[in-house]
Structure formats: structure tokens, C-alpha cells
Amino acid sequence: MSKETEAFSISDALFTKAQQCVLGILFAQGESSFYLNEIVRKAGMGTGAIQRELNKLVSSGLVVMQKQGNQNYYSANHKSPVYAELRSIAMKTFGLANVLSESITPIIDELEFAFTYGSVAKGSDHASSDIDVLLVGVDLGYSQVMELFIDAEERLARTINPTILSDEEFTQRLESKQNFISKVIEQPKIWIMGKESFEAIVS
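Residue 1 is where the sequence shown starts when you use our numbering, and the numbers rise one by one after that.
Here's what the structure looks like:
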């Protein structure tokens, strides 16, 4: 079993699908708040199931509800003692990595590895931060790849900034110690797929 599949299995063991949807939306976008219909639309589930989960999360102190006009807005509670841990789980599994993994399904067989890096992976991002993604192995143009991320950008409410390299380009830049690649391989990462392939190449 790959580490990516194993990670998703852990999330399934710990949380129901409704919980994964709500936590993924709120904790993967820690500074943003959403009203009920937004969360329902992004989750693709029924209003009743999402409302029940939100009520539980508000009661437990994991989520904060604020009334603005006629709408109740929900956001992750940064003051919760387990905020950092839940955000980390959400970012690495159902909240971000899973959404991106679903987006690249059409080209998954052509990829060696893919991961996010930058402020999102470091945990220093804010609501308007881009999601930087490195895709290695695929021979596609930028616009073609961006088409795959249209739905992910909507679901995550973030701009996705992909860097696309062929196997040969990545290896050449790695061997020449190109500044960008040298920095990226040392940075924290949120893996989408292919961690073993990456480690075999850079070791």
C-alpha cells in the first residue's frame, strides 16, 4: 500500500465523510469563513448532514459561528488547543492533498511525483495565498494542467500555481543545483503522490 493511500485510509478511519468535508473546508482554509450554503455546495452533500456536523463542531469548540446579517458564518477556531493538529491532518489528507489528487487523476499515470510547497506546506499561508504545486513527469502545457485544477480552485477557494517539469528537466536542474529546485527539495511538502519516486531520484 502506498503512503498516499495509507494516509487517506487513516482519515477514513478517524472521520466520517461528512466530517472530512466540513473539516477540510474550514481547517484547510484556516483564515476563511463560510456560510452554510457555501459549505454544502463545496462539500457536495446534503444540508442536513452538514448542519449536524457544524453543530457538533461548534459545540465542541473546534469551529466558531458568527452571525452576519441573516447568515451564520463558520470558521475554524484558531484558539482550540488542537487547531494545529487538525489543520495538519486536513492539509495532508482530505482537505488539500485529496482534492489535488482527484484533480490530477487524468494524468496520474504520466507523473513521477507531485507535491505542494511554499507557504501552504510551511503552515504560514493566509486566506489569499496561492497553492504552489510541483508536478514532475508530465509533458503538458501550463494551460492544460490549469484546466485540471479548475474544480480544485473552486473547492479550496485558492489560486493554484503549478510548476510542470519533465523527468529530464527535473534531473538536469537537480544535478546542476539550480536555485529553485535546491530550495524546493529542502522545504516542507504536502505530498499528493509519488513520495517514494522522489526520494529515489534525489537520494
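For each residue, glycine too, the CB sits at the ideal point set by N, CA and C.
### Task
Return the chain-ordered list of same chain residues with a C-beta closer than 7 angstroms to the C-beta of F8, the five sequence neighbours on each side being excluded.
Low local confidence applies: a pLDDT of 45 at F8 is under 50, so the model's placement there is unreliable, with the coordinate-based value given in what follows. Cβ within range, chain order: T93 and N98.
### Query
Hey, how far is the Cα of R173 from the Cα of V184?
12 angstroms
### Nonlocal neighbours in the same chain, by C-beta distance under 8 angstroms from D139, ignoring five residues either side
E110 and S166
### Message
On a Cα-Cα basis, can you pick out the residue from Q71, P106, L57 and K67 that is closest to L86?
### Response
L57
### Query
Quick one, which of G123, I181, G44 and N161 has its alpha-carbon nearest I25's?
G44
### Query
Between the C-alpha atoms of Q144 and S103, what's the straight-line distance to the nearest angstrom?
12 angstroms
#### Entry: Reduced DSSP secondary structure (H/G/I, E/B, other) of M91
helix
### Sequence-distant residues of the same chain with beta carbon closer than 7 angstroms to A157, five excluded per side
Q29 and S32
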